[in-house]
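The opening position of the sequence shown corresponds to residue 26 in this note's numbering, with each subsequent residue numbered one higher.
What follows is a short report on a single structure.
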Amino acid sequence: MSLDGRVGKGRKGIRRLVESKYREAASRLSQNLPAEHVSLYEASRGRLGVRLHSGDEHVMEPSEVESLLEITPPYFWKLAKIPIVLRYEKRASGSARYVVQGDSWTRRLVELMVRGEYGPEGVRELSVSEFKKLIARYKTLFFVTLSP
């Protein structure tokens, strides 16, 4: 610390600057998340595009949607929605996880996609290996955001 005490003030200023830049980046990233979702039923009828918060459109790959419909029971179709948003979180221990955002039907759908079966509450989080398995098969059906 300098004699006039500026180091302490400097650190606070740097911290505020970093936090401000983080908030700006998070705000920009959130513009690329879906502003709407479509039910599997709507997707089965050809509605493959969704509007993003930025106003742009994201179009899901027809073959990925078809593959998903093949493994999903028809009664899911009006209840489960795509695309699916996952929140990436890095733990203090260094391990990472992906938290499924959305309702119990979204969590059930993700569990069905990963494990081939589902429980009453679905899966709340995915390991990195489960995420890699999903993203390799369904690249356009997922969005990933960062934990604040």
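All C-beta atoms, glycine included, are put in the ideal place defined by N, C-alpha and C.
Only a predicted model underlies this, so the values are computations on that prediction, with no experimental measurement involved.
### Task
Tell me where the beta strand (DSSP E) around Lys115 begins and ends.
For this step, residue 115 is matched to residue 90 along the sequence shown. Looking at the DSSP string, the run of the beta strand (DSSP E) that includes Lys115 is Ile109 to Lys115.
### Message
To the nearest angstrom, how far is the alpha carbon of Arg132 from that of Glu114?
### Response
Here residue 132 refers to the residue found at position 107 when the sequence shown is read from its first residue. Here residue 114 refers to the residue found at position 89 when the sequence shown is read from its first residue. Their Cα atoms are separated by approximately 17 Å.
### Query
Under three-state DSSP, which class holds Ser172?
As a working mapping, residue 172 is identified with position 147 in the sequence shown. Residue state, collapsed to three classes: coil.
### Message
Whole angstroms are fine: how far does the CA of Trp130 sit from the CA of Gln56?
### Response
The residue you call residue 56 lines up with position 31 of the sequence shown. The residue you call residue 130 lines up with position 105 of the sequence shown. Distance between the alpha carbons of Gln56 and Trp130: 24 Å.
### Query
Whose C-alpha, out of Pro108, Gly35 and His83, is nearest the C-alpha of Leu65?
For the purposes of this step, residue 65 is identified with residue 40 of the sequence shown, where counting begins at 1. Checking every option, the nearest Cα to that of Leu65 belongs to Pro108.
### Query
Hey, quick one: how far does the beta strand (DSSP E) through Val148 stretch, first residue to last?
Numbered from 1 along the sequence shown, position 123 holds the residue referred to as residue 148. No beta strand (DSSP E) contains Val148, which DSSP labels as neither H nor E.
### Query
Taking the Cβ atom as the reference point for each residue, do Gly147 and Glu136 lie within a distance shorter than 8 Å?
The residue you call residue 147 lines up with position 122 of the sequence shown. The residue you call residue 136 lines up with position 111 of the sequence shown. For Gly147 and Glu136, yes; Cβs fall inside 8 Å.
### Query
Going by beta carbon distance, what residues of the same chain come within less than 8 Å of Leu28, once the five residues before and after it are set aside?
Looking up residue 28 in the sequence shown gives position 3. The predicted position of Leu28 is uncertain, since its pLDDT is 47 and thus under 50; a value taken from the coordinates is nonetheless stated next. Hits under 8 Å: none found.
### Query
The alpha helix (DSSP H) spanning Ala68 covers which residue range?
As a working note, residue 68 is residue 43 in the sequence shown. Leu65 to Ser69 is the extent of the alpha helix (DSSP H) around Ala68.
### Task
Mark Lys164 as exposed unless 16 or more other C-beta atoms lie within 10 angstroms of its C-beta, in which case mark it buried.
Translated into the one-based positions of the sequence shown, residue 164 becomes position 139. With fewer than 16 other Cβ atoms within 10 Å, it is exposed.
### Given 8 Å, three or more beta-carbon pairs between the stretch 62 to 79 and the stretch 91 to 105
yes
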